[in-house]
Each structure stands twice: as structure tokens, then as C-alpha cells.
Amino acid sequence: MVDNKLLNLHFTQLSSAWRYSKENIYSDAKKNEYHSNLKILHSKLSVEDFSLLDEPELLKRKVICDFFFKSLEFLNSSTLNHIPFEIVKCLELALCDWIDNEEDFLIVTSLVNDIHNFSFDPSLAFNEEIYNLINSVYGIEFKSRLIQINLPAHLDRDYLANVVLYHELGHFVDYKLNISKAIYEDLLSRLSLNQIPEANLNELVEYFPYIKDPLLLDYYRNGTTVHVLMSHLAEYFCDLFASQYIHSCSNHYLNYLTQSNTNYSQTHPSTTNRIRMVDTFLKKEKSFPLALFEHAVLKCTSDIKELKVRYETFDSDNFERLIPVDIENNDQLHYLFTYGWNIWLNSWVGFKDKNDMGFDLNRTQVYHLVNNLIEKSIGNHILVSNWEKFSE
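Our numbering numbers the first residue of the sequence shown as 121 and each following residue consecutively.
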């Protein structure tokens, strides 16, 4: 039951939040258009007398207010004053490899205080009911859907850590194309019919240690979702998705955060297995578990998309000479993160030698240099690309 007095409280809280957000400025027109729709929506809500509405209509307004708050949560962290547009642009380019041109999605971020909280929130990307509800009640059409990604506020300009965002984008692609779900159904169906050769089954056990548990098939036959398997498939896919663009960069950070964890949880495979899966893919080695993902991607995209390396390597000593890299194409743009990680993980003596420094740079100086040069390299490429488009 929705009380109109409590709904009035809810809307007043929303209006208070909107007061600080209504002048937001974003880096692209589509986010500004989405924001303009929120402005219209707020104006329509503000003139309604909730005491005149019946219970079903009150519930609709509550749902709409919740949607408004959720939109602000991510849009507020996606303004020009918060998340740098450079990292979002790289993610947008990766996204274009996987969705049709006519589909309209916006990557937005929410900055959170948890230093380990990189995550994807699917609530506004796939909830067509709420958009249809707003259109039916107020005649407002939101053309874009929000891809909501959380990242730690303290790392918003850390391009070394933010390679993890490619993994989170992978969760959106997985939801959109139902890749891990397709593997789940195919795998359990074949297991239940005893159609997987023993050698392949032994490979599966290495990545999914519980796969031979009789209870697993009992759950499947009873129509109960085996959440641990579904979650692990999704995580493996997202690791593979990210490695298409950033090589093994996220492995460095993941391995450190989890201390090379050899145990799996209900939501994530072991770190060692995740790294092994990515290495198998990058080395183009044969593996039955890897083949499951490769075949599922082809099947779920009608043979249009495939798992493959989507970055282009380059040789450069520009960063060590303290200048941005001249990026020639979008594939090289993705490799820029690997380039930055390689510098961080190896000797820093090049900075000193190539600039005739009489001193060694400390870790803080190298950290800021690498991050600033990655950001400037991306920014320069975007600027040149936009200029070339406008000049055509």
C-alpha cells in the first residue's frame, strides 16, 4: 500500500536532490537529452495532487520516483566535473562492436566509496516496463537506456585500475545477448544426457569443480537455477570480453586484490582459473571450456560476432619521453592501457635516461605521469577523430 503522504515525502526528497542536479552538464548530447526528459518529468510530477490518486496510480508514481532517483545516481557522476570522458569513450567504442547502430545505450557511472566496488547495475538498461510506464502516464519518451557502471570514487582517474571497466561492460553485453545463459542451458542439457566426453568433462571440472555433483543436475531437472554455475559462466565471459581489448591487464589488478585466490565463491571462480581462462584465449590454445564461450558468442549473435583480439599493438617510447602517444586508430586506443601497464610493471629508468634527469622519479610521480599521459593520448585521438569527421 502506498500512502499519499509518504509519496509526498518521497517526491519532496526527490525535488531536493533534483535542485542540485538540474543544472548538470554532460559531455555528449544524448546524456543532455536524457537529462532534459528528467526535467520534464519532474515538472509533471510537481503539479500533481497525489491525494486525488487511487492506489494503483500512487504506486505508479512511486515507481517513477524510484526511477528518477536511480537515474540521478548515475548521471550525477557522469558530468564533465566527475568521470573523465576519455575512459567512457573507450568503453563506448568497445560497445559499438557488440550492439546494432539503431540501439541507443548510454554508458553512465556512479562513484562509490568502496575501493573494490567495480560493478554493473542492470536496472535501467533492460527495464522496458518503467520506460513504457513513464510514456503512458506522462507521454515522455526516453530514447536512450542507461548502462550503469559503479567504480570507486578514489580511482575515477586511475586508468590502470579502470581497465576493470571493460569487464563490467562485458556484463552488459552478456545480459543483452544471453551468452552465459545459453552456455548454462546447453551445458546442463548435455550433462543430463551424458553427452560430454570424459576428457572434456575433466577439463570442465578444472574450471567448475562442482560440475559432477549429482545435486547440480537434480536442481536443473527440477527447474531450479544453479546460481553458482550461472555466476561463474558470466564472470568467465566478462574476463574474456575484456581481454579482447586490454590483453591481460585486468589480471594484474585482480591477482593483487584477491591474493592469487585458488578457491571459488558462490559468485566468482577462483582467481587462478580466471587468469588461466584468459591466458588460454590470448595464447590461442585449445580448450573445451573456452570453446563453449566461443561457440555461444557465435550462436547468440547469429555468427556475426566472435571472441577475438580487438586491440592493435604499437611500439613507442613516447611516455618515457613524457609525451602522449599518437594513436592511429581505435584498436590502438584500447592497447594504450596495456602499454601503460607495461611501463608501470617494468623498469622506470627510461624516464630518467631519455630526459637527462639528474634524479630518479618516485612511484607517485610515475603513477601520475602514466595516468596523465594515457588520458592525454586518448583525448588527443578523440579530438583528431572528431575533427576529421567534421572536415569530411
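In this text, a Cβ means the ideal position worked out from N, Cα and C, and glycines have one as well.
These numbers come from a predicted model, not from an experiment.
- Contact check between the stretch 435–443 and the stretch 414–421: fewer than three CB pairs, one atom from each, fall below 8 Å, which does not count as touching.
- As a beta-bridge residue in DSSP terms, Pro-272 pairs with Val-232.
- With 16 or more other Cβ atoms from the protein chains shown falling within 10 Å of its own Cβ, Ile-299 counts as buried.
- Per the Cβ contact rule, the stretch 130–142 is not in contact with the stretch 206–222 (fewer than 3 Cβ pairs under 8 Å).
- Under the three-state reduction of DSSP, Leu-377 is assigned to helix.
- Excluding residues up to 5 positions away in sequence, Val-183, Ile-184, Phe-187, Leu-244 lie with their Cβ nearer than 8 Å to the Cβ of Ile-250 in the same chain.
- With fewer than 16 other Cβ atoms inside 10 Å of its own Cβ, Phe-479 counts as exposed.
- Contact between Phe-238 and Leu-285 is confirmed by a C-beta separation of about 7 Å, below the 8 Å threshold.
- The alpha helix (DSSP H) runs of length 4 or more contained entirely in the stretch 448–477 are, from start to end of the chain, 450–465, 469–473.
- In terms of Cα proximity to Asp-338, the closest of Asn-322, Gln-364, Leu-311, Glu-318 is Leu-311.
- C-alpha of Ile-219 to C-alpha of Leu-297: approximately 9 Å in a straight line.
- Sixteen is the threshold: when 16 or more other Cβ atoms of the shown chains lie within 10 Å of the Cβ of Trp-461, as they do, the residue is buried.
- By the 16-neighbour rule on beta-carbons within 10 angstroms, Arg-394 is buried.
- If the five residues before and after Tyr-431 are omitted, its C-beta is found closer than 8 Å to the C-beta atoms of Gln-364, Tyr-365, Ile-366, His-367, Asp-451, Gln-452, His-454, Tyr-455, Thr-458, all from its own chain and listed in chain order.
- Take the alpha-carbon of Tyr-340 and the one of Leu-308: they are about 7 Å apart.
- Judged by DSSP secondary structure, Asp-241 falls within the beta strand (DSSP E) whose first and last residues are 239–241.
- With contacts defined by Cβ atoms closer than 7 Å, Asn-157 and Ile-260 form a contacting pair.
- Within the stretch 327–393, complete alpha helix (DSSP H) segments of at least 4 residues are found at 334–341, 347–366, 369–378, given in chain order.
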